[in-house]
Amino acid sequence: MRTVTSNQPRVGTGKKKVILVAGGAGFIGSHLCSRFLAEGHEVICVDNFETGSMANVAMFMNDPGFRLIEQDICIPFEVKGRIDEC
């Protein structure tokens, strides 16, 4: 499992949610990531890149509210920290 995250602090999150998007590097998943980030939420994107593409999430890599986990969602794994929505 590989985790990629930005070291920049997230500003103004207040009561915003931490949302996990399975298949976040796919067409629909990347649009969900974009929407949630635009709303100020933190996003944990999980994708194994079987059909998704790094190009779909490349624009989020410097966003402090975005975290990418390269992982097959069918194989159990642990995410550190809280998750409010999946």
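Residue numbers (full-length UniProt numbering): 1 to 86. The C-beta atom is built at its ideal place from N, Cα and C for all residues, glycine as well.
In angstroms, rounded to a whole number, what distance separates the CA positions of residue 77 and residue 29?
As a first step, residue 77 is located in the sequence shown; it is residue number 77 there, counting from the start. As a first step, residue 29 is located in the sequence shown; it is residue number 29 there, counting from the start. Distance between the alpha carbons of residue 77 and residue 29 is about 19 Å.
Quick one: is residue 56 buried, meaning 16 or more other Cβ sit within 10 Å of its Cβ, or exposed?
Residue numbering aside, residue 56 sits at position 56 when the sequence shown is read from its first letter. It is buried - the Cβ of residue 56 has at least 16 other Cβ atoms within 10 Å.
Comparing C-alpha positions only, which one of 35, 71, 61 and 41 sits nearest to residue 49?
Sequence index remark: in the sequence shown, residue 49 carries index 49 (1-based). The shortest C-alpha separation from residue 49 is found at 71.
If you follow the alpha helix (DSSP H) that residue 74 is part of, which residue opens it and which one closes it?
On the sequence shown, position 74 is the one that residue 74 refers to. Looking at the DSSP string, residue 74 is not in any alpha helix (DSSP H), and its letter there is neither H nor E.
Residue 23 to residue 58, Cα distance in whole Å?
Within the sequence shown, the letter at position 23 stands for residue 23. Within the sequence shown, the letter at position 58 stands for residue 58. Distance between the alpha carbons of residue 23 and residue 58 is about 14 Å.
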